[in-house]
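These notes are about the structure you will find just below.
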Amino acid sequence: MGTAQQQDRRVGRKRLLSLLTAAAVTFAASVAFVTGAGPAAADPVEGCTATEGAIVAVDFGPFGGDVVRGCDTTPTTGYELLHEGGFTTEGTQHDGDGFICRIGTGFFNSGTQYPTPATEDCVLTPQATAYWSYWIASPGQDTWSYSPLGAMSRKPRAGDVDAWVFGGTDIGGSTGRPTFTPDEVRAGGGATPGPTEDPTGGPSVPAGEIDVPAAARWVSGQLHDETHVVDEGAETTNDFLTTEAAYALAAANGKGAALDKVVTHLAGRTDAYAYPAGAEEPPAAPAAARLALLAEITEGDPRDFGGHDLLGDLVKNVCPAGPESGSPAPGCTAKGDFNGASYADGQALAVLALLRGGVDRPAGTEERLTQLVCQDGSVTSILIRPDEYCDGDPMTTGLVALVLDEAGGHEAAVAKMRSYLKKAQLTSGAFPAYNGATTGSVAPTAYAAQALRALGDGGAADAAVAWLSREQLDSGGFGFDEGATDAALYATGPTVLAGAGTDLVRLVAKAPEPTDPPTTHPATGGPTAKPTTRPPGVGPDLKKGIAFLTGPANLHQGRYYRADEKTGRADFGLTIDGAFALAATGHDGNALRTVVDFLEQGGKDGEGRSLHDWTGVGGKAALGGSMGKAAVLAQVVERDPRDFGGQDLIAGLAEAVCEKPSTAPDRSCPAAGAYTFAPSVFAHSLGIIAQLRAGEEKAAKAPVAYLAGLQHGSGAWPSLIPATGDSEVDSTAMAAMTLDLVPGDAHAAAVDKALAWLASQQLPDGGFPGASGNSVNSAGLAVQGLSLDAEKYDQQITKALKFLASQQNKDGGFNVAKEGQRGSDIRASAQAVGGATGISFGTLTRSLRGTTPNPVPSSSTPVIVTPGDGAGGGGIVNADGPGGGGGLASTGAQALGLAAAAAVLVLAGRRTVVAARNRRDAAAGGER
């Protein structure tokens, strides 16, 4: 049911009322708010405040009820918040309790869970127009955002509010949002305090100044042949870091021969850097903007730099519309984007380049930046679509604040960003890399210092620079984070600008006044001979990663990973991911043998389910991607996919190829050539790989053609089937591995184009954008994809491996992403470990000869818990206090990591993982 329908239905019934003021009562005339009793397990709503606990609200309006809210004073996950708040849930038969298919409460219709079996059987994933969607709001936010994480992955913070609404949403989660506001259901019924200004103008810290000349000498020392930056172990120019070096040299030394050499080199690299798709195609907006800014800083001509009119080409390539138009153009997230900008910094730098060049900014380009300002005043680093989940960071906020302040006319947005920056500053004077972090990060602190100084907050800027001065290394450079011992150009470049008291808005390279020559000579460039192979030890510790994946706390009974720790329900898709990692490394053959034997021999999980309860092979709901994944595992370990677990998976895949699209209510076939119930490029690719590895080229012909037809002109693939117009690293890497396996050269050009696009998406720190942010999962898959041409993309692979190493924790596991929640995640770890080997799923092979399955631990009997019902009550209520009881569903499982297609829908709701810009962690449990 859509928002308009919900509003029509609500006319004439009770509304949610604020309990604070008469004005709030008038404003809140859209929903009812009744206090009542709840299950004994629920915490009193009064126990949740703006600084303690979290609130969850569930709208039973579509079923004739009201909005019920509950409290959990010590929330661990969004899933537990829902249950500890007084609600019961039921999952789907295929995906388990993790997919919230039904919700009930003792305060509505005696605890009946909705939707009832009469309207939804909860066997497979519900329809996109009728499911429980998950919305969140952080302290200070007065609008809802679609959750970027699944309920089992999201960890609510103090003062957060969650909401569950039945109906439907679009891809971006811009429709179907709650009809009540977060403030109407917050603890206490009112708004949480917003950012407050620091009257002192910044933290009180010891004064300090950056040694700018020393930093500039370090930057000069990173230049190969005094002209460009080359990453360790690589042979080609890192153009991005070369522009950073040029900006730093301009800020520290002004005009001179050293800077001229770098500028000349970059001018010669304009085609390769800014026009990778060719001179007739739109430029890579961030690269074109960087080069244009360099021309402006050095008093050159951005309309004739490297033979290109950089400003003219930026103006000509602005997106007229986004996916909402029905005909989305690749590289366009919304109206006003510079084509291919993808990130807020690219958009901001393009606007700034036009500003500095005296060129009118195309309509919507500045407004696009204002749309990236979150409720708390931070700016998200991704070019999200309007109304998507927004979580910003100090670094992006600082840059965008500088640009919009210079543009003028955006005073409210700039004031909001300024307030956020002052609140985000740590007592040390530093700024964290992301919201919630407690330690300083160098580049974010440098950008924040630049912005605060430009906005008139000199005291806060001085405190930030003082902290940076204490982080300067003996070499003169700066590391990434607080206490770092290795200098990095990515961090040092913007810090030089902050130390010189300038920024990209004001920086102009002036000819320096004559000075005496230095008594010590600057450091020379890198080694005279370029390394031709990757340095030893680059990348994560794979043995530690395998130890994490096979540890008894993770690999249940040594046989499978659990979607639900209480019931022992298996996540078969994640279990196969772990098996792929074991096969790729070869570090624990017995553990791999144990997993494979469990799956092939019909081993059952704590709920009595086996592998083929997950694949659906032979049944009416055979999942093409799941069958493909299981078949590929059989092929990897030299088992027979035609008789794996008593089923012929290859025959099942042939039968699952769609001849035509199905019609509602049948949702099995999205298009001719697709597989049944395989709604993602990733899942579709697994089916093709299994058929090709089995020699079924003829049977795979239609699926291959369908996959090839989904490729965008940019070289990327979308995440979903049917295609949604997005571009995703994970899907592109997987599709490239798949088409590379097709005999002959028919798809060679498509693979080459895909790899070039993947390389273009690499972030400065070596990571890649994914659903969860700077994603470990996406980096691992990108390594696998780029390794199809390892010689050409050695530089990118090396950087990605270093990024993966940086995200490995002491226990051997990996974070989901560089940003957000810390802690090792099984799915991310499996993909990081397997991906780091660079072995394609199309060629991965690991013999089990000579291995022995491990025995079943005697103390690992699974516990099965049956969810209970609620009773009594009605209206929009607080689910706390005595009475209205009934047991709560006791699951508490962590469905870990990323998944596409059906797995994405398991916990993250129906708003799917759509490329990098959704920056979402989805929960697992279904097919990937």
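If you read the sequence shown in the numbering used here, its first letter stands for residue 1, the second for the next number, and so on. Backbone N, C-alpha and C fix where the C-beta goes; we use that ideal spot for every residue, glycine too.
(request) Taking only runs that begin and end inside the stretch 539-573, name each unbroken alpha helix (DSSP H) of 4 or more residues, in chain order. (result) 542-550
(message) Please report the straight-line C-alpha distance between residue 905 and residue 48, rounded to a whole angstrom.
(response) Since pLDDT at residue 905 reaches only 32, below the 50 mark, its modelled position is unreliable, and the value read off the structure follows with that caveat. Using only the alpha carbons, I get a separation of about 29 Å.
(message) If you measure between the beta carbons of residue 671 and residue 661, is that distance less than 9 Å?
(response) yes
(message) For a quick check, are the C-beta atoms of residue 833 and residue 775 less than 9 Å apart?
(response) no
(request) Quick one: grab the DSSP three-state call for residue 504. (result) coil
(message) Just verifying my parser: in three-state terms, what is the DSSP assignment at residue 126?
(response) coil
(message) For residue 90, report the span of its beta strand (DSSP E) as first-last.
(response) 87-90
(message) Can you find the residues in the same chain that come closer than 7 Å, C-beta to C-beta, to residue 822, ignoring five residues on each side of it along the sequence?
(response) 815
(message) Pull the bridge partners of residue 79 from the DSSP assignment, please.
(response) Answer is none; residue 79 lacks a bridge partner.
(request) Within 10 angstroms of the Cβ of residue 376, are there 16 or more other Cβ atoms? Answer buried if so, exposed if not. (result) buried
(request) Assign residue 204 to buried or exposed, taking buried as 16 or more other Cβ atoms, counted over all protein chains shown, within 10 Å of its Cβ. (result) exposed
(message) What does the alpha-carbon distance come out to for the pair residue 88 and residue 103?
(response) 6 Å
(request) Evaluate the contact criterion for the stretch 457-471 versus the stretch 391-407: three or more CB pairs, one atom per stretch, below 8 Å. (result) no
(request) For residue 717, write down the residues that DSSP places opposite it in a beta bridge. (result) 728
(request) Run through the stretch 97-145 for me and flag every whole alpha helix (DSSP H) of 4 or more residues, listed as ranges in chain order. (result) none
(message) DSSP three-state label for residue 166, please.
(response) strand
(request) Could you check if residue 830 is buried or exposed, using at least 16 other CB atoms within 10 Å of its CB as the buried criterion? (result) buried
(message) Are the CB atoms of residue 686 and residue 740 within a distance shorter than 9 Å?
(response) no
(request) Tell me, please, whether the stretch 431-451 touches the stretch 491-505 by the rule of three or more beta-carbon pairs shorter than 8 Å. (result) yes
(message) Is it buried or exposed, residue 855, if we count other Cβ atoms within 10 angstroms and call 16 or more buried?
(response) exposed
(message) Here's the rule: buried if 16 or more other CB atoms are within 10 angstroms of the residue's CB, otherwise exposed. What is residue 847?
(response) exposed
(request) Counting only the same chain and skipping the five closest in sequence on each side, list residues whose C-beta sits under 7 Å from that of residue 349. (result) 286, 289, 290, 293
(request) Would you check if the stretch 104-113 and the stretch 135-150 touch, i.e. whether three or more CB-CB distances between them fall below 8 Å? (result) no
(message) On the DSSP letters alone, give me the boundaries of the beta strand (DSSP E) that residue 624 sits inside.
(response) Note, residue 624: premise wrong, no beta strand (DSSP E); alpha helix (DSSP H) at 624-636.
(message) Would you call the stretch 484-491 in contact with the stretch 228-248, where contact means no fewer than 3 C-beta pairs closer than 8 Å?
(response) yes
(request) Give me the Cα-Cα distance between residue 762 and residue 105, rounded to the nearest whole angstrom. (result) 46 Å
(request) Please list the segments of the alpha helix (DSSP H) lying wholly inside the stretch 587-622, counting only runs of 4 or more residues, in order along the chain. (result) 589-600, 611-615
(message) Is it buried or exposed, residue 269, if we count other Cβ atoms within 10 angstroms and call 16 or more buried?
(response) buried
(message) Buried or exposed, going by whether 16 or more other CB atoms sit within 10 Å of the CB of residue 795?
(response) buried
(message) Along the chain, where does the beta strand (DSSP E) containing residue 769 start, and where does it finish?
(response) 768-770
(request) Give every residue of the same chain whose Cβ lies closer than 6 Å to the Cβ of residue 700, excluding the five residues on either side of it in the sequence, and list them in chain order. (result) 688, 691, 692
(message) On the DSSP bridge list, what partners appear for residue 227?
(response) The partner list for residue 227 (beta bridge, DSSP) is empty, contrary to what the question assumes.
(message) According to DSSP, residue 774 sits in a beta bridge with which residue or residues?
(response) 769
(message) Taking the alpha helix (DSSP H) that residue 217 belongs to, which residues open and close that run?
(response) 212-221
(message) Using C-beta distances below 7 Å, list every residue in its chain close to residue 648, excluding the 5 sequence neighbours before and after it, in chain order.
(response) 642
(request) Whole angstroms is fine: what's the gap from residue 891's alpha carbon to residue 97's? (result) Since pLDDT at residue 891 reaches only 25, below the 50 mark, its modelled position is unreliable, and the value read off the structure follows with that caveat. Using only the alpha carbons, I get a separation of about 8 Å.
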